[in-house]
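**Q**
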Amino acid sequence: MSDNLDDIFTDDIKIIAEELEQFYEDLEGKTILIAGGRGFLGTYFTNVLIKINEKLSDPLKIILLDNLITSKDKKKYLDSNIEFLEQDISEKFQINENVDYIIHTASIASPPTYRKFPIKTVDVNYQGTRNLLDIAKEKKVKSMIFLSSSEIYGNPEIFPTPESYLGKVSCIGPRACYDESKRLAETVSILYFQQYEIPIKIARPFNVYGPYLNLNDGRIIPDFMKSAIEDSEIIIHSDGTPTRSFCYVSDAINAFFRLLFSNDNGIICNVGNDEEVSVSDVGNVIEKIMEVPISIKMIKSDDPNYTKDNPQRRCPDLSLIKKTVGYTPKINLEEGLRRTYKWYRSNLI
Ligand SMILES: NC(=O)c1ccc[n+]([C@@H]2O[C@H](COP(=O)([O-])OP(=O)(O)OC[C@H]3O[C@@H](n4cnc5c(N)ncnc54)[C@H](O)[C@@H]3O)[C@@H](O)[C@H]2O)c1
Numbered sequence: 265m266s267d268n269l270d271d272i273f274t275d276d277i278k279i280i281a282e283e284l285e286q287f288y289e290d291l292e293g294k295t296i297l298i299a300g301g302r303g304f305l306g307t308y309f310t311n312v313l314i315k316i317n318e319k320l321s322d323p324l325k326i327i328l329l330d331n332l333i334t335s336k337d338k339k340k341y342l343d344s345n346i347e348f349l350e351q352d353i354s355e356k357f358q359i360n361e362n363v364d365y366i367i368h369t370a371s372i373a374s375p376p377t378y379r380k381f382p383i384k385t386v387d388v389n390y391q392g393t394r395n396l397l398d399i400a401k402e403k404k405v406k407s408m409i410f411l412s413s414s415e416i417y418g419n420p421e422i423f424p425t426p427e428s429y430l431g432k433v434s435c436i437g438p439r440a441c442y443d444e445s446k447r448l449a450e451t452v453s454i455l456y457f458q459q460y461e462i463p464i465k466i467a468r469p470f471n472v473y474g475p476y477l478n479l480n481d482g483r484i485i486p487d488f489m490k491s492a493i494e495d496s497e498i499i500i501h502s503d504g505t506p507t508r509s510f511c512y513v514s515d516a517i518n519a520f521f522r523l524l525f526s527n528d529n530g531i532i533c534n535v536g537n538d539e540e541v542s543v544s545d546v547g548n549v550i551e552k553i554m555e556v557p558i559s560i561k562m563i564k565s566d567d568p569n570y571t572k573d574n575p576q577r578r579c580p581d582l583s584l585i586k587k588t589v590g591y592t593p594k595i596n597l598e599e600g601l602r603r604t605y606k607w608y609r610s611n612l613i
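Under the numbering used here, the first residue of the sequence shown carries the number 265, and numbering increases by one thereafter.
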């Protein structure tokens, strides 16, 4: 990895693209549609494909769909192989071109935003997924990946949690609009696989973080980084004991691409890092990597829904993804947080 910390994103992109070299030949002249292409993971997917295009004689065409509900960035990629369509995927729409691959990353994934727009969250996860599955069917795509979520397990009781665990989820609680609609999106994806042989792969990401994750997103790492950078403090809205397993973005993107390019249609895989840490530990690691002292406080949130139905532990069983695509996460929490912090410092402040 590069020591030039301003170049962390560029470095991630170069490494992911190089690690996917075995698939380049199959990508010559193909078209990839990325729904939610302006978001955090969409930005990584897009830039890896731009990097891969440097090596192809017949470049990939990349179609980005996004309604910009959480990513406000309208600036255009200055690349004639990229087309951006401002589109709500839960509305009916058409794609004129042929499509070979679909990467479905569109959702309202930020907890404060999905609590603000619960019905839109259900719409993008269910109707949006269904609309993309219809496009996959019409265009006879070679492969499609849907990014579901570890949230479909709710507040699990088995650790590490395997894909076979059915979940412990409230269908009416404050997180239900996200969790339950992701579950229904998995159901409809598997039905399209069974009834129409759509070559779908479902990934269940566990807390992915890194450059380009919006600092105001409300997820734990951007939340902690923002208050550590701006106010030299971290506020934990619990007793600090709930655990999470955080996965640095370059590891996750590598796994998603490998799943997309695999022949394992109808598969459902956890994607993440199985290094389980408490929320307090995350604060302590951020304190360690920052160049200035910070204080860590535990304060109950004013929002009664903030911790309601919040999982106490989260840790993926990665056996299946390891066996399926030979995936092993490479970046540990300290290194990932160091890269993320340096990137925020040099790009956002
Ligand atoms: N990052 C993680 O830790 C994580 C964990 C579990 C699941 N996921 C899933 O991975 C996917 C990508 O997550 P992310 O972290 O990049 O989120 P993100 O919020 O950064 O990106 C999602 C993108 O989808 C777009 N979008 C939302 N509704 C849309 C609609 N109706 N039509 C078109 N575009 C729409 C948003 O504007 C945004 O650009 C999401 O489906 C999310 O649920 C992410």
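Each residue gets a CB set at the ideal place from its N, CA and C atoms; glycine is no exception.
For clarity, every value in this text was computed on a predicted model and none was experimentally measured.
At which residues does the beta strand (DSSP E) containing residue 430 begin and terminate?
**A** Here residue 430 refers to the residue found at position 166 of the sequence shown. Taken as a continuous stretch (DSSP letters only), residue 430 belongs to no beta strand (DSSP E), as it is neither H nor E.
**Q** Would the beta-carbon of residue 434 fall within 7 Å of that of residue 567?
**A** On the sequence shown, position 170 is the one that residue 434 refers to. On the sequence shown, position 303 is the one that residue 567 refers to. The answer is no: Cβ separation not under 7 Å.
**Q** Would residue 462 and residue 519 be called neighbours here (beta carbons separated by less than 7 Å)?
**A** Mapped onto the sequence shown, residue 462 falls at position 198. Mapped onto the sequence shown, residue 519 falls at position 255. Going by C-beta atoms, residue 462 is not nearer than 7 Å to residue 519.
**Q** With a floor of 4 residues, list each alpha helix (DSSP H) that falls wholly inside the region 558-611, ordered by position along the chain.
**A** 583-589
**Q** What beta strand (DSSP E) runs, 3 residues minimum, are completely inside the region 397-464?
**A** 407-411
**Q** Please find out if some non-hydrogen atom of ligand 1 comes closer than 6 Å to the beta-carbon of residue 449.
**A** For the purposes of this step, residue 449 is taken as residue 185 along the sequence shown, with counting starting at 1. Because no heavy atom of ligand 1 lies under 6 Å away, the Cβ of residue 449 does not count as near it: no.
**Q** Any heavy atom of ligand 1 inside 6 Å of the beta-carbon of residue 474?
**A** Mapped onto the sequence shown, residue 474 falls at position 210. Every heavy atom of ligand 1 is 6 Å or more from the Cβ of residue 474, so no.
**Q** Measuring CA to CA, which of 315, 352 and 478 is closest to residue 278?
**A** Taking the first residue of the sequence shown as 1, we reach residue 278 at position 14. Checking every option, the nearest Cα to that of residue 278 belongs to 315.
**Q** Name the DSSP beta bridge partners of residue 508, please?
**A** Here residue 508 refers to the residue found at position 244 when the sequence shown is read from its first residue. In DSSP, residue 508 forms a bridge with 541.
**Q** Three-state secondary structure (DSSP) at residue 528?
**A** Counting from one through the sequence shown, the residue named residue 528 turns up at place 264. Three-state DSSP puts residue 528 in coil, outside helix and strand.
**Q** For residue 347, which residues from the same chain have a beta carbon less than 6 Å from its beta carbon, with the 5 sequence-adjacent residues on both sides left out?
**A** Position 83 of the sequence shown holds residue 347. Hits under 6 Å: 327.
**Q** To which residues of the same chain is residue 273 closer than 6 Å at the C-beta, ignoring the five residues directly before and after it?
**A** Stepping through the sequence shown from its first residue, residue 273 is reached at position 9. So the qualifying residues of the chain are 475.
**Q** If you check the beta carbons only, do residue 515 and residue 465 fall under 7 Å apart?
**A** Here residue 515 refers to the residue found at position 251 when the sequence shown is read from its first residue. Here residue 465 refers to the residue found at position 201 when the sequence shown is read from its first residue. Contact: no.
**Q** From this set, 531, 597, 522 and 600, which residue's C-alpha is nearest residue 590's C-alpha?
**A** For this step, residue 590 is matched to residue 326 along the sequence shown. Comparing Cα-Cα distances from residue 590 to each of 531, 597, 522 and 600, the minimum goes to 522.
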